[in-house]
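Numbering-wise, the sequence shown is residues 1057 to 1468 according to my numbering. Don't be surprised by glycine CBs; every beta carbon is placed ideally from N, CA and C. In what follows, a structure is listed as structure tokens, so that the remarks can point back to it.
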Amino acid sequence: MTDSTASLPRSAVVIGGGPAGLMAAEVLGRAGVRVDLYDAMPSVGRKFLLAGVGGMNITHAEAKDAFLSRYGARSGEIGALLAGFDADALRQWIHGLGISTFVGTSGRVFPSDMKAAPLLRAWLKRLREQGVVIHTRRRWLGWDAQGRLLIDGANGCQALSADAVVLALGGGSWQRLGSDGAWLPLLAQRGVAVAALRPANCGFEVAGWSAYFRDKFAGAPVKPVALSLGSAVPRQGEFVITADGIEGSLVYALSAAIREHIEAAGEATLLLDLLPNRSLEQVAKALAQPRGSKSMANHLRGRLGLDGVRAGLLRELSTAADYADPQRLAGLIKALPLRVLRARPLDEAISSAGGVTFEALDRQLMLKALPGVFCAGEMLDWEAPTGGYLLTACFASGRAAGLGALEWLARR
1057 MTDSTASLPR SAVVIGGGPA GLMAAEVLGR AGVRVDLYDA MPSVGRKFLL AGVGGMNITH
1117 AEAKDAFLSR YGARSGEIGA LLAGFDADAL RQWIHGLGIS TFVGTSGRVF PSDMKAAPLL
1177 RAWLKRLREQ GVVIHTRRRW LGWDAQGRLL IDGANGCQAL SADAVVLALG GGSWQRLGSD
1237 GAWLPLLAQR GVAVAALRPA NCGFEVAGWS AYFRDKFAGA PVKPVALSLG SAVPRQGEFV
1297 ITADGIEGSL VYALSAAIRE HIEAAGEATL LLDLLPNRSL EQVAKALAQP RGSKSMANHL
1357 RGRLGLDGVR AGLLRELSTA ADYADPQRLA GLIKALPLRV LRARPLDEAI SSAGGVTFEA
1417 LDRQLMLKAL PGVFCAGEML DWEAPTGGYL LTACFASGRA AGLGALEWLA RR
């Protein structure tokens, strides 16, 4: 006699409707698995949509080695995920949704219309056609004593069973969009190794701007400029002055190193190169020219084109004695110390570090402590700068978790 249950479709539950969860649901749904996806928010993909405001940077076109280096200490683990679904594969997948892409001058990759909403609409249409059922306003609360998933909604709390579970619950930033990190103690209570969530791609508070500088320049972009920490090679780009400190793409690129330095030493001193396209010798030579009756501010503007917020930073972070010594002032223009004291709060960060450690997972991203439960996306313990790296790894990890769940189901 044959087992009458053998022909029944396997079931999977995905918790979280961001890119990682949706990708895991697609992998499972395409294979014929019955998939129910639950998300606590009124609609899925909310953080994805907000990230696309001003231009949906989906991935990056730089060379593989440089791309992998963006993941820092976790480049090995993320590299294994990207081996199955890299930036090129992501672009082809997007093209399969009927959305064309292009590479910007910086190497960043965007949908042709620069928008996230059409991509998400096309994706959700395909998921519905695959039979994936999406349940919104449904919050996961952990497990009951029988190991069933507890899902809370308008009609109360339900206990659900599934043959496989994929958790893609996001990190701890942008709580209003659903990423609140409330899942972390739920997993820790089950013996899963987790690292505390910390801000990544975040702004930092400085030792204190003067009232004049804050009122005049808060919100102003600083460019072109180069930024470095310790002996690291300076990075060139731009950042923004805030009421309390600094933020922006150049700061985000160094945020992990800055945060770790502050955690170790209590503060960090960044070096600003206010004229990255000129050498120290060129700056010193220009300042050595007689300025006659002109003020030093006018001398800097006329000889070096240094004015606006960059000149304001130089004045803010130097002394009258520095201005009286052209050689010393030249050195400060090329390496102006800026003390930062702390990262801005986690909820303000673009992303978060910490979460489920890779050591708690097997190669298929299944939790060793909870067989049949897989994790993906930003809830894993990795981080990367902005520029498409975050999204690429979220997509790749969602795909890997979906494939891992399929393999688990096949073994059962």
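- A straight-line Cα-Cα distance of about 20 Å links Ala-1456 and Val-1189.
- By a beta-carbon distance limit of 8 Å, Asp-1437 does not contact Val-1396. Their separation comes to about 24 Å.
- Residue Arg-1347 holds the alpha-carbon nearest to the alpha-carbon of Pro-1382 among Gly-1073, Arg-1347 and Gly-1433.
- Under the criterion of beta carbons closer than 8 Å, Met-1112 and Ala-1172 qualify as touching, at roughly 4 Å.
- Its Cα nearest to that of Gly-1234, the residue Val-1100 stands out among Val-1100, Glu-1415 and Gly-1458.
- Beta-bridge partners assigned by DSSP to Thr-1115: Val-1165.
- By the beta-carbon neighbour count (other beta carbons within 10 angstroms, threshold 16), Leu-1137 is buried.
- Here the alpha carbons of Arg-1164 and Gly-1073 stand approximately 24 Å from one another.
- Under the three-state reduction of DSSP, Phe-1269 is assigned to helix.
- The distance from the Cβ of Ala-1452 to that of Cys-1258 is about 23 Å, inconsistent with a contact at the 8 Å cut-off.
- Burial is judged here by how many other beta carbons sit within 10 angstroms of a residue's own beta carbon; Ala-1081 has at least 16 and is buried.
- Annotation: the continuous beta strand (DSSP E) that includes Cys-1213 extends over 1212-1216.
- Runs of the alpha helix (DSSP H) spanning 4 or more residues and lying entirely within the region 1168-1192 occur at 1173-1185, in chain order.
- Boundaries of the beta strand (DSSP E) around Glu-1261: 1260-1262.
- About 5 Å separates the beta carbon of Ile-1318 from that of Ala-1324, a gap short enough to meet the 8 Å contact definition.
- Looking from the CA of Glu-1316, the closest CA among Glu-1439, Val-1091, Phe-1158 and Ile-1297 belongs to Glu-1439.
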